[in-house]
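One structure below.
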Amino acid sequence: MKLVHLAEAFDVEGVLKELGALTPDERAAQTEALEARRATLRADWYHRPDEEKAAQLAAELGCRTDPVAAADWIQEWEPRAWWVHLPLAGAWVLDVLNLHPMAWRAELAARLAERLTPGCSARADLVEHLVHDTGCPVPRSDGFIDGWLSSRDARWEHPPCLRGGARPGTTLLERLRTDDLSPKLLPLVVERPEIHLGVDGFQYRMTRHGMAYVREDTRLGAFMRLGAEGLVDRTALIRRVFADLDATTTWGLDAALALTELALTPAELASVAGERTALAEPLRARLLQDGTRAETAPPLAFLRALVLTPAENAPAVRDHVALLDLSLPVAAYAQEVLIGLDEAGLLEPDVFTEVCERVLFRPEKKLVRAQLTRLDRAARRDPARAARTVLDTATAFDHRDVDIQERALDVVARHLGAAGDSVLPDLRTAAARISPGLAQRAAELLGSAPDQFSEPYTDMLPPVPEPRPVPDPIETVFEVAEELAAVVANDQDVVTFERVLDGLVRHAHLDRVALARALEPVMRRQPRSDMDCTQSDVYDVAAALRGDEPRELHFTVRLKYRSVSPAGELLRARLAEAIDIIEADAQPFLLAVPTDSTGALDAAVLVRRISVLDGHGITPAPVDLAQALLRVSPTADEKVLGAAGRLGSDAGQRLARWLREGGLPHWDCGPPDWPDAHSHRRPTEWLSHVRPEPAPGPPLLPVAATLIGPRQDHGLSDPMVPFWLAQLPHHRDVVLARDYFRYRVFMRGRWAHALPFAAESGGPAGFALHLALAYTLTYDRPRERDAAVDALLVLAARGQLNARLLGRQLAELLRGGEIEANRVTASLRTAAETGAYATVWSVLEAALPQLLCDPVVRGTGALLALGVDCASRCAAKGGIAEVATAAARSGSSQVVKNARLLRDVLG
């Protein structure tokens, strides 16, 4: 029977039997028919029964009577898999091959080995079987060696029908140690760059599986151990590793881990000096671009692992000096290298002075301390350097941290005798800039009198913000359109929004058709969607005026399914009412347009506006009137009060009563017994915006009552925006206490934009405002902390900063671990350096006693140092018991040293 018929019958045994009975020429003659049949099977080959596929393939292979043809067929079939995907486990392959003589099979092994390539070496296990079966020479091709290594991996499943395979062992290292082919093939691996050893992925495998896995179950890790045991030439392995490393493509953390594990001796490092310096050059170039910590960590780790000597680093000294101005990790590496160069005598004195100037001005105390230590050691080892050392050290007298200044003064004191009198003039000049808390000691050391303050100290606070009047109503429809586009693009400006909303009502009353035409061009750009109601939703008022189809995200539809802030509810009511006013032509203008940028409304102006409406017999819209009453400024002007009392309408009489009774009364949003009875509570539980019962003052219209009434907190975490404060311009503390305080604490950065606006707004600066300020001073983004500093300075300039309250709040938050001391220090220092030393000292004076109680809060040492600087500059006096107690302790910690300095300053 012909082979094709046996294949059609799924008869594998029959195919093998028939192949054994045929001559080579008879087999070859049936090749064409078998190939034609497989062409018809190709479309659904993978759905055919295994018996059919095995019979077909066995027949095809058997018809390849030449070793070259057989090798081609084996290599071409299923190129990405072999035994794994062979039908019936592939045992029939050996039955077919065993029909040929041993010499034929040995030739097949050689031909297959030639065709294997690294990464595509799935047939290597068959070649290894043929080597063991025929005793032919072990192939030395890259592909076979790569496949042999792959088959020793723990994940490799060696087909049971094949001879050879890995010896027993739990790791790659153990299996290679005992493998029969290792003596012949291991030396070839390190000589063949095409055979992958695997530096890449080292860090990932170490993180996921541990160091033991990297050392014993990765190729490179196992070869390092074999090199140490003498089974691989270590010198050749080192050359191979450095040939594989590429500073532009190899991930730095992989390279660093590999080189650390390789653990080169000094002699081995010298043998690859050229390779190491060549790798370092592009790595330094990458560092000069700087970046985030995550971006610079890989090249830094790679560079450190290269273990460059001072002599090897010397040609790149200018690059390392430039690196000193970059991010902390990069600067720290450059400093290490440059100190090494100096210790080796390879750094010019002028260059070392430049290094000191760049490092000693940096804010990172770790870098500065390391540089001062180097200066101290250099002068100790070589007294001839003392003069230059003390002058370089004096650069640190300009550092902002008093602890650094004190360290620098210590170094100068140790080496001043060896330096001689010639350095004294320059040192005295530098000491003129030292903190006043150290001025007396510096004067005694350098033989000069400390500077005395000739005039009483006064803070240099920013000017008190002047009132910013709101411009007159918009005069033309084209200006309304232009301002509307501005609000849609930026919904943060209160004044522009109020003028646009009034402009839509005012000009719709005058000429609605003309206004609708003027608005057409700006209606093409819709505002962004927001969870809350925002000022940009005034777009929907303009659309309703024009008769446009409401947009999909119209504020009345959008807010049915989303959380809305109290401010958003009032704004939504105002916008909806504005649409009704326009449709009914019920009112020629709005009452609630403020006269000041804070949202405040002058009482005389509101009296005049209601008088105009009374003259036309118009009853003001209720939401508009409610917002106007919340905004109107209290007044004692009898003329204004009299004019309000003469108004005959209900709205006029409501305004008159509102003004006579002082409007919405103020109340404290903080707990009366804080902090003693609240130390166990979360800071966000300290606040309550709800006014006490029975509610004092005149009754509120319902929509206004929602601003200050009890409310379910649904977790709206949108950033606070200025219009929230402009709705209650005389009650900023209530706004801050009301609007999801705990979510703003959690989300961070949610007050920053509005806090300076709150500082300029009206009403008492109470507990909530100061607590928001305390939190914002510690946000992670400098821009947000700067906003808090601006607000602090504005409050201080207006005489509204309660420094004692802010200091106690900061102390409570620090002790409770709610905020970070280093950010508090940075923000307060920024405020002090604007010239507000007395203001900052008053905050610290209130905070330090609580911070110094046992256990001392972490980071208090830096705050004490800032206190020394501030108290010295503003000539503060009066001891603090907790500071004196800390100063009396033994030891030389930062807390104790700075407490002693502060104690001495305060007298």
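Quick note: the sequence shown, position 160, residue 380 per our numbering, numbers continuous. Ideal Cβ placement from N, Cα and C applies to all residues, glycine included. In this text, all values refer to a predicted model and were calculated from it rather than measured experimentally.
First and last residue of the alpha helix (DSSP H) that includes residue i?
| i | result |
| --- | --- |
| Pro518 | Arg513 to Leu526 |
| Asp752 | Counting along the chain, Asp752 falls outside any alpha helix (DSSP H), and DSSP gives it neither H nor E. |
| His429 | Phe422 to His429 |
| Asp759 | Checking the displayed sequence, the identity of residue 759 turns out to be Tyr instead of Asp. That run of the alpha helix (DSSP H) goes Val758 to Arg766. |
| Ile458 | Arg454 to Asp464 |
| Ala534 | That residue, Ala534, is in no alpha helix (DSSP H); it is neither H nor E in DSSP. |
| Gly872 | Asp870 to Arg880 |
| Trp293 | Pro287 to Glu296 |
| Thr573 | Pro569 to Val579 |
| Val409 | Ser402 to Val409 |
| Arg744 | No alpha helix (DSSP H) holds Arg744; DSSP gives it neither H nor E. |
| Ile559 | Leu548 to Glu563 |
| Asn710 | Taken as a continuous stretch (DSSP letters only), Asn710 belongs to no alpha helix (DSSP H), as it is neither H nor E. |
| Gly865 | Glu858 to Gly865 |
| Ser491 | Pro486 to Ser491 |
| Trp887 | Segment: none, Trp887 is in no alpha helix (DSSP H) and carries neither H nor E. |
DSSP state of residue i, grouped into three classes?
| i | result |
| --- | --- |
| Asp816 | strand |
| Leu989 | helix |
| Leu927 | coil |
| Leu821 | strand |
| Pro645 | helix |
| Pro689 | strand |
| Val852 | strand |
| Val632 | helix |
| Cys614 | Residue 614 is actually Ala in this sequence, not Cys. Residue state, collapsed to three classes: helix. |
| Gln1020 | coil |
| Glu789 | helix |
| Cys1090 | helix |
| Gly282 | helix |
| Arg300 | Legend: pLDDT at Arg300 = 43, less than 50; position of this residue unreliable, value from coordinates given subsequently. It is coil, neither helix nor strand. |
| Gly983 | coil |
| Phe230 | coil |
| Ala974 | coil |
| Pro656 | helix |
| Ala1041 | helix |
Figure out for me which residue from the options has the closest Cα to the Cα of residue i.
| i | options | result |
| --- | --- | --- |
| Ser1062 | Ala1041, Asn1042 and Leu1086 | Leu1086 |
| Asp870 | Leu849, Thr839 and Gly983 | Thr839 |
| Arg600 | His416, Asp621 and Ala638 | Ala638 |
| Arg372 | Ser361, Val351 and Asp400 | Asp400 |
| Val409 | Ser1110, Pro892, Ala442 and Ile928 | Ala442 |
| Pro333 | Leu319, Trp368, Asp474 and Trp312 | It is worth fixing the name first, because residue 333 is Ala in this sequence and not Pro. Looking at the Cα atoms, Trp368 is the closest of the given residues. |
| His836 | Leu319, Ala806 and Glu1038 | Ala806 |
| Val1060 | Leu546, Gln625, Ala793 and Thr678 | Thr678 |
| Leu1084 | Pro1075, Lys1097 and Val1103 | Val1103 |
| Arg360 | Glu377, Leu336 and Val684 | Leu336 |
| Met680 | Gln1114, Ala1052, Val1088 and Leu1071 | Ala1052 |
| Ala590 | Val610, Pro388, Asp618 and Arg627 | Arg627 |
| Arg451 | Pro413, Gln1070 and Thr398 | It is Leu, not Arg, that sits at residue 451 in the sequence shown. Among Pro413, Gln1070 and Thr398, the Cα nearest to that of Leu451 is on Thr398. |
| Glu577 | Val714, Ala1031, Asp366 and Gln555 | Gln555 |
| Val632 | Asp602, Arg653 and Leu666 | Leu666 |
Assuming residue i contacts residue j under a Cβ cut-off of 8 Å, what Cβ separation, rounded to an integer in Å, is found between them?
| i | j | result |
| --- | --- | --- |
| Leu1064 | Cys1090 | 6 Å |
| Asn533 | Val557 | 5 Å |
| Leu1012 | Leu993 | 6 Å |
| Leu566 | Ala531 | 7 Å |
| Asp953 | Ala1008 | Contact flag wrong, Cβ pair sits at about 16 Å. |
| Leu508 | Leu526 | Contact doesn't hold; Cβ gap of about 17 Å is too wide. |
| Glu789 | Thr926 | 6 Å |
| Arg439 | Gly418 | 5 Å |
| Ala798 | Val742 | Not quite, the Cβ-Cβ distance comes to about 17 Å (not below 8 Å), so this is no contact. |
| Ala823 | Val852 | 5 Å |
| Val347 | Ala329 | 5 Å |
Would you verify that the beta carbon of residue i is, or is not, closer than 7 Å to some beta carbon of chain D?
| i | result |
| --- | --- |
| Cys1073 | The displayed structure is made up of one protein chain only, and chain D is not part of it. |
Could you check if residue i belongs to the surroundings of the ligand FAD, using beta carbon to heavy atom distance under 6 Å?
| i | result |
| --- | --- |
| Ala1107 | The ligand FAD is absent from the structure shown, which contains no ligand whatsoever. |
Quick one: which unbroken alpha helix (DSSP H) runs of 4-plus residues sit fully inside the region 302-388? Chain order, please.
311-317, 322-335, 344-354 and 362-370
At what residue ranges does the region 237-276 contain a whole run of the alpha helix (DSSP H), taking only runs of 4 or more?
244-249 and 251-261
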